[in-house]
Structure formats: C-alpha cells, structure tokens
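Notes follow the structure.
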Amino acid sequence: MNTDSLAQPQDDAAMPRRLGSLRLRLTLGVPLLTLAIVVVLTWSRAGPAAPVDELGRIVWQVLLLSVAQLLLIEALLLRPLQRLAAGCEAMESDAMPLQPEGARPAPGLAAELDRIGHAMRRVHGSLRQQDQDAQALRRELAHQRLLLEQAQAALEANRRELASLERTDALTGLANLRAFDEALRREFKRAQRQRGLLALAVLDLDEFKQFNQRHGAATGDAALKRVATLLNERFKRDTDVVARLGGEEFVALLPGVGMAEAQGVLELLRDDLRSLGLPDGQGQLTLSVGLAAVSPAHPYLSAQALMQAADEALYIAKHAGRDRLSLAA
1 MNTDSLAQPQ DDAAMPRRLG SLRLRLTLGV PLLTLAIVVV LTWSRAGPAA
51 PVDELGRIVW QVLLLSVAQL LLIEALLLRP LQRLAAGCEA MESDAMPLQP
101 EGARPAPGLA AELDRIGHAM RRVHGSLRQQ DQDAQALRRE LAHQRLLLEQ
151 AQAALEANRR ELASLERTDA LTGLANLRAF DEALRREFKR AQRQRGLLAL
201 AVLDLDEFKQ FNQRHGAATG DAALKRVATL LNERFKRDTD VVARLGGEEF
251 VALLPGVGMA EAQGVLELLR DDLRSLGLPD GQGQLTLSVG LAAVSPAHPY
301 LSAQALMQAA DEALYIAKHA GRDRLSLAA
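Numbering (UniProt numbering), first residue to last: 1 to 329.
This is how it looks when you write it as structure tokens:
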C-alpha cells in the first residue's frame, strides 16, 4: 500500500481544520486586544475611574472595532488562504504532475500568493503600529505616575507645614493653646503615674492693653516677641513647655519641678522683665504670675483642675496689685 496516498487525505482534511482554528483564535483574540487598548487609552485620557464610568461606550467601541478588524482579516487573509487551500486540493485531486525544479507557479496561483503576502504585510504593519502605540502609552503613564508622586510629596510637605503652623503661635513662635493642652495632659498623666513633680505657671503682662493704646500695636507686637524670647531663655530644658495662650497671656509647664523651685525661677523672670529693653525704649512691662504645682503631697484630680488652680492664683495676683506672684492654695 502506498503510504503517500494515505497521508494525502489526512493533510487535505487538516487544512480546513487549521483555518477554522485560526479563525477561532482571531475571533477571540482580536476583541480582547482591542478591549485592552481602548481601556488603556481611556484610562490615560480621563483617569482610573473612566473605564468604569464609560463602560457602555467602551463596549460599543470594542464591538465595532473588533468586527471591522475581523472583516478585514477575513477578506485579506482567511479567504485567500481558503482559496489557496481549495486550489491545492483541486490540483492534488487531479493528480497534477509536479512542476520541474525552478519552474514558475501558475499565473493565478502567483497572483493569489502576492495578495496573501500583501495582506500578511499589512497585518504585520498594523500589529507593529499597535505595539509602538502601546509603548508610547506606557511611557506616558510612567511620566504621569512620576508627576503624581511629585505632587503627592509636595502635598505631604505642605500638610506637615500646615500642621506645624497649627501648633505654633504665628507672632511669637511659641507653642499655641492646642499644643499646650496636649503637653499638659501628657505631663499630668506622667506625674500621676510616676508620683512626680509638675509645676504650672500662668503669666499675664500687666495693663498691656493700655500699653498698646499708648505706643501702638506694632510696638506691642515687638514687646510680645521680646517677652517670648525671654521665656525661651529662662525655660530652656528639653522638657519645659512655654506657650502663648492668647493676647498678653503666657503659660509655662515645668515637669519635674516643685513649687519652691518654680517660684524662684519665676521671681528671676519677673526681675528680668523689668529690666527688659523694649522697642525704642517705650515704657516698662511688669508681670503677674499664678503658680500651681503637683506633688505626692499635693495631688490634683485632673489636668483641668491644675490649670484652674493656676488661673485662680493669677486672679489673686492681679487683684492684689499686679506685678507679683501668687501661689495656689
């Protein structure tokens, strides 16, 4: 039995199966590739949420583009291949003699091969263009991602700066009321836990409103800045907290310091303030102080109670003639 005659029908039957398999792969692959390209282009143009928002339009675009591409591939590639396969089948079924080596193919077959080659070149060129577009899109996405990271870094720096401003008094550079409240709660809990010492002094410049009226707001602001500098110089331990509560009122929180030690430091501060040179030699400022302190022998129930005791002591100092220090009971 001639084995060539057995192999021939199998080869003839294999050709339609290959064409059918190729058609199926193209039918599945072209829409998927088109969908990926449309989604990426939509994302780069309108943002990550755009593919979800424009789902209906994307589906129609993918459907129309896929149908157009499949029709083009069918007309330019698959049908010529089918005709070529049919021609080969017909030639083999008629037992056409093999052409001698070096002989030219039949004119119709040559034209068909030229059309197939042209179609293949067009498909290859289209795929290459799509690959170039995809590479350009990836580069653009990388650039946009870099810009986004830079914008996020700048936003984080602005956020940190804003947070710092929210905890700092704009005029004097001291801690503000918000930062002081946090420090008071923290240090009070620590003093309770460790049964340690904590002194709290509330300081108020005497008759500062009249000082502003006599010398002007600009001179008053300059005086407040010099008082803040003096406070920083006097209370310069890492654990000390000096803040401006508002207007001409300041506060000093002194962890680990008892009533007697704090009293001595504050009396020196009052002496320093009397000799403080104010802008353009404009008058003199004095200070009233209310002092309260936590100790194992004199505990307070809460940080608010300690603050209230210092405020009440300041009130007594003001009504006793000002320019003095009053101790909480």
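A virtual CB, placed ideally from N, CA and C, is assigned to each residue, including glycine.
Because the structure is a prediction, the values reported are computed rather than measured.
Residue j and residue i - do their beta-carbons sit closer together than 9 Å?
i: V227; j: L147; result: no
i: F188; j: L306; result: yes
i: L84; j: L26; result: no
i: V38; j: L65; result: yes
i: R167; j: N176; result: yes
i: Q199; j: E261; result: Checking the sequence shown, residue 199 turns out to be Ala, not Gln. Contact flag set, yes.
i: V265; j: V251; result: no
i: A224; j: E207; result: The residue asked about is misnamed: residue 224 is Leu in this sequence, not Ala. No, the pair does not count as a contact, with Cβ atoms beyond the cut-off.
i: A292; j: A328; result: yes
i: L314; j: V202; result: yes
i: L76; j: R128; result: no
i: L205; j: L230; result: no
i: Q132; j: L33; result: no
i: D181; j: R234; result: no
i: L171; j: R57; result: no
Taking residue i as the reference, which of the options has the closest Cα?
i: R138; options: G321, A329, A36, A317; result: A36
i: A209; options: A199, A201, L203, G220; result: According to the sequence as given, residue 209 is Lys; it is not Ala. Residue G220 is the option with its Cα nearest to K209.
i: A191; options: A201, D311, S295, A328; result: S295
i: L81; options: L55, L109, V67; result: L109
i: P31; options: L63, G20, S21; result: L63
i: W43; options: H319, D272, R145, G216; result: R145
i: V67; options: A183, A154, R214, R23; result: R23
i: H298; options: R322, M259, E267; result: M259
i: A303; options: G29, A183, D240; result: A183
i: R178; options: R159, G246, I73; result: G246
i: R17; options: G29, K236, A86; result: A86
i: E74; options: L55, R45, M120, H143; result: M120
May I ask you to report which of helix, strand or coil DSSP gives residue i?
i: R244; result: strand
i: V265; result: helix
i: S275; result: coil
i: E249; result: strand
i: V40; result: helix
i: L77; result: helix
i: A293; result: strand
i: T27; result: helix
i: A134; result: helix
i: T229; result: helix
i: residue 395; result: The question about residue 395 has no answer here: the residues shown for the chain are numbered 1 through 329.
i: A201; result: strand
i: S21; result: helix
i: I58; result: helix
i: T34; result: helix
i: S326; result: strand
i: L177; result: helix
i: S302; result: coil
i: T286; result: coil
i: T172; result: coil
Measuring from the CB of residue i, is there a heavy atom of the ligand FAD at a distance below 8 Å?
i: R214; result: Of the ligands one can find in the structure shown there are none, so the ligand FAD has no counterpart to examine.
Buried or exposed: which applies to residue i, given that a residue is buried once 16 or more other Cβ atoms fall within 10 Å of its Cβ?
i: E161; result: exposed
i: G290; result: buried
i: S126; result: exposed
i: S326; result: buried
i: G255; result: Here residue 255 turns out to be Pro, not Gly, going by the sequence shown. Counting Cβ neighbours within 10 Å, P255 comes out buried, since at least 16 surround it.
i: S275; result: exposed
i: S288; result: buried
i: L174; result: buried
i: D238; result: exposed
i: G216; result: exposed
i: A218; result: exposed
i: A320; result: exposed
i: A136; result: exposed
i: V59; result: exposed
i: L141; result: exposed
i: L71; result: exposed
i: L253; result: buried
i: L197; result: buried
i: A309; result: buried
Can a CB atom of chain B be found closer than 9 Å to the CB of residue i?
i: L147; result: Absent from the structure: chain B. Only one protein chain is present.
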